[in-house]
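Numbered by the working numbering, the letters in the sequence shown go through residues 94 to 362 in order. Built from N, CA and C at the ideal position, the CB exists for glycine as well. Input: a single structure, listed below in C-alpha cells.
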Amino acid sequence: MNEPRETSHGMAASQHDGQTTAGKEAGAMLRFENVSKAFGEKQVLSDVSFAVPPGEALCILGRSGMGKSVTLKLSIALLRPDQGKIWVCGDNIASLEGAELSKVRRKIGFLFQDAALFDSLSLYNNLALPLRRLSNKSWPEVEEAVHRTLQQVGLENDGQRMPVELSGGMRKRAGLARALVLEPKVLLVDEPNSGLDRITASEIDELLLKQKTERKTTLMIVTHDIHGARRVGDTFAVLEHGRFVAYGTAKEVEQSQSETARKLISERY
Ligand SMILES: Nc1ncnc2c1ncn2[C@@H]1O[C@H](COP(=O)(O)OP(=O)(O)OP(=O)(O)O)[C@@H](O)[C@H]1O
Ligand SMILES: [Mg+2]
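Following this line, the structure appears as C-alpha cells:
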C-alpha cells in the first residue's frame with residue numbers, strides 16, 4: 094500500500110501531465126482532475142490533480158486558510174470548481190444536480206470541522222433521520238443501524254441525549270457516527286481531533302483506522318494533528334498557495350523540497 098508513487102499525483106500531475114495521470118488513476122474512488130477554485134481575487138486551488146485509490150486514506154495538511162476545507166467541500170459538491178472534474182465513485186460530482194447529485198452524495202460521509210448535528214434532535218434521531226430520508230430501511234432496520242453505529246463510536250448508551258449535553262469529544266464521535274450511519278464508500282473528515290485531548294483524539298484515530306482497514310472505506314482527512322495523520326494516512330498532501338507542494342508517503346514528504354511540507358509532516362513541530 095505504501096510503495097513509492099512516481100510522478101503520479103498532485104504537484105507533478107498538475108504541472109506536467111494531468112490528463113495521463115487521470116487516465117492511469119481511473120480505478121480511484123475519489124479523483125481531482127485539474128481542479129481550480131477561486132473566491133473573487135483569491136485563488137484557493139490552482140489546477141490540482143490527485144487520486145485516492147479504494148480503501149486508502151489521503152491526509153491533507155497545510156497551514157490555516159490554504160483551502161483544505163474547500164477541497165473537502167468540493168468533493169461533496171457543497172462548493173463547485175471553476176474548472177476541472179471531481180470524480181467520486183466514477184461520477185463527476187462537479188457536473189451533477191438534483192437526484193443524480195443526491196445519489197452520489199449518498200455514497201459519501203462528511204464530518205464537518207464543527208461536527209454539525211441537529212441541535213433540536215436527540216443523538217438517536219440525528220442518526221435515524223438520514224437513514225429514514227435516504228435509505229429504504231424498515232423501522233427495525235433503522236433502529237439496528239443506529240444502534241450498531243453508536244456502538245461503533247462508543248456512544249451506545251447516549252442515544253437519548255441532546256447534542257448540547259455532549260462533551261466536545263462526544264460531539265466529534267457523534268458527528269462521525271452520523272457520517273458513518275449510511276455506510277459510505279468515501280468518508281471526508283475535517284479536523285477530527287481539533288480541541289480534543291491526546292487520548293480522545295487517538296480514540297478517533299482508531300475509529301478512522303478501523304473504518305479503513307475493516308470496512309475498506311476510502312478516506313480523505315484534513316488535519317493539523319500529524320501524529321494521528323501518520324497513524325491513519327497512506328498518502329499525505331501538503332497544500333500551499335493553491336497547489337500541492339508535496340505529495341506521497343510520509344517518508345517522501347519528509348524529503349520534500351518544501352520546508353513547509355517537511356515541518357508539517359514532522360512530529361517535532
Ligand atoms: N464560501 C466561501 N466564500 C468565500 N471565501 C471562502 C469560502 N470558503 C472558503 N473561503 C476562503 O478560502 C480560503 C481557504 O479556506 P479553507 O476553509 O479551505 O481553509 P483551511 O485550509 O480549511 O483553513 P483552516 O485550517 O483554518 O480550517 C480562505 O481564504 C477562506 O476565506
Ligand atoms: Mg478548514
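| query | If you scan the region 216 to 273 from start to end, which runs of the alpha helix (DSSP H) of 4 or more residues do you find wholly inside it? | reply | Qualifying alpha helix (DSSP H) stretches, in chain order: 216 to 227, 232 to 245, 261 to 273.
| task | Quick one: residues in its chain with C-beta nearer than 6 Å to the C-beta of Gln348, no 5 flanking neighbours on either side, listed in chain order? | result | In the sequence shown, the residue the question calls residue 348 occupies position 255. Around Gln348: no qualifying Cβ.
| request: Closer than 7 Å by C-beta to Lys265: which residues in its own chain qualify, once you throw out the five before and the five after it? Chain order, please. | output: Position 172 of the sequence shown, counted from the first residue, corresponds to residue 265. Counting only Cβ-Cβ distances below 7 Å, and skipping sequence neighbours, we find Ala208, Pro285, Leu289, Ile297.
| Just to confirm, does Val141 get its C-beta within under 8 Å of one of the non-hydrogen atoms of ligand 2? | One-based indexing of the sequence shown puts residue 141 at position 48. No, the beta carbon of Val141 sits no closer than 8 Å to any heavy atom of ligand 2.
| query | In chain order, what residues of the same chain have a beta carbon less than 8 Å from the beta carbon of Val325, not counting five sequence neighbours either side? | reply | As a working note, residue 325 is residue 232 in the sequence shown. Sequence-distant partners of Val325 (beyond 5 residues in either direction) whose C-beta falls short of 8 Å from its own C-beta, in its chain, are Ala150, Cys152, Asp298, Leu301, Leu302, Lys305, Leu312, Ile314.
| said: Starting from Arg199, trace the beta strand (DSSP E) in both directions and tell me its first and last residue. | reply: Numbered from its first residue, the sequence shown carries residue 199 at position 106. Premise fails: Arg199 is in no beta strand (DSSP E) and is neither H nor E.
| request: Please name the residue, chosen from Val246, Ala354, Leu171, Phe203, that lies closest to Thr342 on a Cα-to-Cα basis. | output: Here the question's residue 342 lines up with position 249 in the sequence shown. Closest option to Thr342, Cα to Cα, is Ala354.
| Leaving out the 5 sequence neighbours to the left and right, which residues in its chain are closer than 7 Å to Gly247 when beta-carbon positions are compared? | As a first step, residue 247 must be located in the sequence shown, where it is residue number 154. Cβ within range, chain order: Arg266.
| said: According to DSSP, is Gln176 part of a helix, a strand, or is it coil? | reply: As a first step, residue 176 is located in the sequence shown; it is residue number 83 there, counting from the start. It is a strand residue.
| said: Judging by CA-CA distance, which residue of Lys130, Arg254, Arg308 is the nearest neighbour of Gly160? | reply: As a first step, residue 160 must be located in the sequence shown, where it is residue number 67. Nearest C-alpha to Gly160 among Lys130, Arg254, Arg308: Lys130.
| request: Report the three-state DSSP secondary structure of Ala343 (helix, strand or coil). | output: What you label residue 343 is simply residue 250 of the sequence shown in a count that begins at 1. Residue state, collapsed to three classes: helix.
| Roughly how many angstroms separate the alpha carbons of Val163 and Arg308, rounded to a whole number? | Residue 163 sits at position 70 when you count from the first residue of the sequence shown. Residue 308 sits at position 215 when you count from the first residue of the sequence shown. Going by the C-alpha atoms only, they are around 26 Å apart.
| Can you list every residue whose CB sits closer than 5 Å to some heavy atom of ligand 1, going in chain order? | Those satisfying the condition are, in chain order, Phe132, Val137, Ser157, Gly158, Met159, Gly160, Lys161, Ser162, Val163.
| Residue environment, Asp318, which counts as buried when at least 16 other CB atoms sit within 10 Å | Along the sequence shown, one-based indexing puts residue 318 at 225. The C-beta of Asp318 has 16 or more other C-beta atoms within 10 Å across all chains shown, which makes the residue buried.
| said: I need the boundaries of the alpha helix (DSSP H) containing Ser162, first residue and last residue. | reply: Within the sequence shown, numbered from 1, the residue matching residue 162 stands at position 69. Secondary structure note for Ser162: its alpha helix (DSSP H) is the uninterrupted segment 161 to 168.
| So, helix, strand or coil for Glu296, using DSSP? | Taking the sequence shown and counting its residues from 1, the one referred to as residue 296 is at position 203. In the three-state DSSP reduction, Glu296 falls in the helix class (H, G or I).
| message | Less than 8 Å separating the Cβ of Asp298 from some heavy atom of ligand 2? | response | In the sequence shown, residue 298 corresponds to position 205, counting from 1. It does not: the Cβ of Asp298 is nowhere closer than 8 Å to a heavy atom of ligand 2.
| Opposing strand residues paired with Ile153 [DSSP bridges] | Numbered from 1 along the sequence shown, position 60 holds the residue referred to as residue 153. DSSP lists Val315, Ala330 as the beta-bridge partner residues of Ile153.
| query | Leaving out five residues before and five after Ala238 in sequence, what residues of the same chain have Cβ atoms less than 7 Å from its Cβ? | reply | Position 145 of the sequence shown holds residue 238. For Ala238, where only same-chain residues beyond five positions count, the Cβ hits under 7 Å are Leu224, Lys230, Val274.
| message | If I follow the unbroken beta strand (DSSP E) through Ala131, where does it start and stop? | response | Here the question's residue 131 lines up with position 38 in the sequence shown. According to the DSSP assignment, Ala131 belongs to the beta strand (DSSP E) that extends over 123 to 132.
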